[in-house]
Amino acid sequence: MKRNKIIIIISAVLGALIVLFALPGLLAGAGRKTGSPLPKGNIEIPAERTIQYKNVSQVQEEIIDYWSKGKVTDWVNGEKVNLENPRTVLGCLLAGKRVEEINRYLLKQNSTGNEGSRWLLNPKGGYDFNAMAFTPVLFLFDDKPELLYPETKKHLVNNILTIEGAGFTRYVPYTRIQDSENHILMAESSRYLKNQWIWNEGNHSSEFNNVTNGVERGLKDFLQEIYQYGMYEFNSEPYLGYSFSALLNLDAFAEGDIKILARKILDQQNWLYALGSYKFKHFPPYRRLFAKTFKKGIDSDYHTAMMKVWVSFYNDTIKLDASRGIHHALWAAIMPYRPSDKVIEWTLKKPDHYFVKIGHGYNSCPEIYSGDKSYLLSAGGANQGRRSMIMSRPTVLFLDDDARLLEETFHAYGPGENFINWNNTGVYEDFSCTKGMVHIPAGKQPVLSSDEWQIFNISEAVFLAVYSKKELGLMVIVRAPTAKEALEAIVTGNPDKELYPTQFKHPNGNFIEYDLDSPKNKWVIKSVNNKPVNRQFDRWPLLDGNIEW
5 MKRNKIIIII SAVLGALIVL FALPGLLAGA GRKTGSPLPK GNIEIPAERT
55 IQYKNVSQVQ EEIIDYWSKG KVTDWVNGEK VNLENPRTVL GCLLAGKRVE
105 EINRYLLKQN STGNEGSRWL LNPKGGYDFN AMAFTPVLFL FDDKPELLYP
155 ETKKHLVNNI LTIEGAGFTR YVPYTRIQDS ENHILMAESS RYLKNQWIWN
205 EGNHSSEFNN VTNGVERGLK DFLQEIYQYG MYEFNSEPYL GYSFSALLNL
255 DAFAEGDIKI LARKILDQQN WLYALGSYKF KHFPPYRRLF AKTFKKGIDS
305 DYHTAMMKVW VSFYNDTIKL DASRGIHHAL WAAIMPYRPS DKVIEWTLKK
355 PDHYFVKIGH GYNSCPEIYS GDKSYLLSAG GANQGRRSMI MSRPTVLFLD
405 DDARLLEETF HAYGPGENFI NWNNTGVYED FSCTKGMVHI PAGKQPVLSS
455 DEWQIFNISE AVFLAVYSKK ELGLMVIVRA PTAKEALEAI VTGNPDKELY
505 PTQFKHPNGN FIEYDLDSPK NKWVIKSVNN KPVNRQFDRW PLLDGNIEW
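Right under this line is the structure:
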């Protein structure tokens, strides 16, 4: 009996230890998995800036006005702070409204927690969301005592911006598991910037010396890793907006290499957006937040909201709505960062026909795009298992129309309805194939139907050919003088429909072979013009393809 009790006690202790070490991995272990830096690829990240942006825009003013009318609520120790609070503070001070109220409010508030993901041993985690968001209050109004009163600034530094000193870390608190990318960026950018501010104010204690306390080295290494590996939480809904806000803080307020690296990452990610979007329609696969289904809006992610703000500084006459991500759009509205010339050019108008593959590395999936001035084919990706946190999406055709929801687009996916089972990487130049039917949006009528093909007009001398069966969907972009000639070119090159599930001769000359049952870690496309392609997409370069500048 005594022996059994000892065994039970030991088992309980071991079980508790297993839970303690497993919980962070289950609840917060969203850090980068082991991999290798991405090869460079054959497409450069453009950084040239000659555009003379305006200092203000209507979109910017609307965003600041919105937040200047927001509510502020008192904080409760140990509970997460309402994320609207710091944005309302910023909106009011930027607009010069409710200044007395906001200063009184800030003087009543104190830090409610710690940085890093929340879990059993870090129940007050997640405060980095607020430290990052309140950091601009210090820097933007440091020399404006009429807006941020001296006693309020002192309280902000001592009791609200509490992530400081030595101790850069990538890890979930009390573990050796790497924390998620957005948590690290928010916490460590806040630490770096507060240390920098205190040091520049004349407090030269060693704990605030970013050069010697390990913070600069750790942050620099982490930013360099993001730049070389690509963002782990790529296109994330909702976390990309928080990561971008932290990077915009660093670009605006940091010094030296940290500032330079933050800008390089922003330039890189904005270039990928420019290539992967069409007139602010953007529906790529993404990592985090893993869900049972995906949102159906094709123009409402946080990256799009930020890009709309930046474009408004370039051309304030374009009608833009950034309300979907207005809490992140605020950072684009108030920070000095502006995209490079090519990003603006390609976001607004695709100058030429192009095909690109974007690699995201180990345990991930790629983005694949084929586009031109009047359309963009956007591949949907493939989930790599639940722990990969990859959200696969349909392959979508964006057109120059008013579509705002997935159902308003031509799109295809399969097999079945469960995105975990899909491999929607079957996109090549002006061509897509999926193991499922093509959805034709209501109101879209073919100009010609024959031989089970439907031909739709896209623009002058550019047509979409759709072939749709239960387990085979083809979308083919064809350039021809007429719809009849487009259909004839397809039928002549592909007389045997029995071969459609495995191969297609495109009227543009490409002979494409594919495997609709490809394993989810391989590109559906097998060969082009009888030459095998590199299907192992977790080893693809960050950016590769055919593009004319």
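So for the sequence shown, our numbering puts the first residue at 5; every next one is plus one. The beta carbon of each residue, even a glycine, is placed where N, CA and C say it ideally should be.
>> Tell me which residue opens and which closes the alpha helix (DSSP H) that Thr-139 is part of.
In response: 132-144
Checklist entry - Which residues mark the beginning and the end of the alpha helix (DSSP H) in which Val-466 is found? => result No alpha helix (DSSP H) holds Val-466; the beta strand (DSSP E) holding it covers 466-473.
Original post:
Using the beta-carbon count (16 or more within 10 Å), is Val-93 buried or exposed?
Top reply: buried
- Query: If we ignore side chains and look at the alpha-carbon of each, how far apart do Ala-26 and Ala-34 end up?
  - Reply: Any reading at Ala-26 is ruled out, since the residue's pLDDT is 43, under 50, leaving its predicted position unreliable.
Segments of 4+ residues assigned as alpha helix (DSSP H) that fall wholly inside the stretch 213-285: 219-233, 243-257, 260-280
Practice problem: Could you work out which residue in Pro-370, Ile-167, Lys-73 is closest to Asn-100 when comparing CA atoms only? | Solution: The question names Asn, but residue 100 in the sequence shown is Gly. Selected option, being the one with the closest Cα: Lys-73.
Could you spell out where the alpha helix (DSSP H) holding Asn-186 opens and where it closes? 185-204
(Q) Suppose you measure from the CA of Asp-261 to the CA of Tyr-233; what does that come to, to the nearest Å? (A) 18 Å
- Roughly how many angstroms lie between the CA atoms of Val-400 and Glu-220, to the nearest whole one? 42 Å
Checklist entry - What three-state label does DSSP hand Ser-327 in the structure shown? => result helix
Arg-390, buried or exposed, once every other Cβ within 10 Å from all chains shown has been counted against 16: exposed
### Message
Please list the terminal residues of the continuous alpha helix (DSSP H) segment that includes Asp-69.
### Response
62-72
Exercise. Which term fits Val-85, buried or exposed, when burial requires 16 or more other beta carbons within 10 angstroms of its beta carbon?
Worked result: buried
### Task
On a CA-only basis, which of Gly-130, Leu-520, Ala-191, Gln-200 is nearest Phe-226? Give me that one, please.
Ala-191
- prompt: Going straight from the alpha carbon of Ile-551 to that of Lys-377, what length do you get?
  reply: 13 Å
For Phe-439, count the other beta carbons within 10 Å of its own beta carbon; 16 or more makes it buried, fewer makes it exposed. Which is it? Reading the sequence as shown, one finds Lys at residue 439 and not Phe. Answer is buried; the Cβ neighbour count reaches 16.
Check your understanding: CB-CB under 6 Å to Glu-433, same chain, minus the five flanking residues each way: which ones, in chain order?
Key -> Phe-359, Ser-374
Checklist entry - Using 8 Å as the Cβ pair cut-off and three pairs as the minimum, do the stretch 379-386 and the stretch 282-293 touch? => result yes
- Item | Sequence-distant residues of the same chain with beta carbon closer than 7 Å to Leu-42, five excluded per side | Gln-232, Tyr-233, Gly-234, Gly-363, Gly-365, Pro-545, Leu-546
Point to revise | Cβ-based neighbour list, Phe-238, same chain, cut-off 7 Å, excluding 5 preceding and 5 following | key: Tyr-290, Arg-291, His-364
What number of angstroms, rounded off, separates the C-alpha of Met-310 from the C-alpha of Leu-87? 18 Å
Could you give the distance in angstroms between the alpha-carbon of Asn-425 and the alpha-carbon of Ser-453? 31 Å
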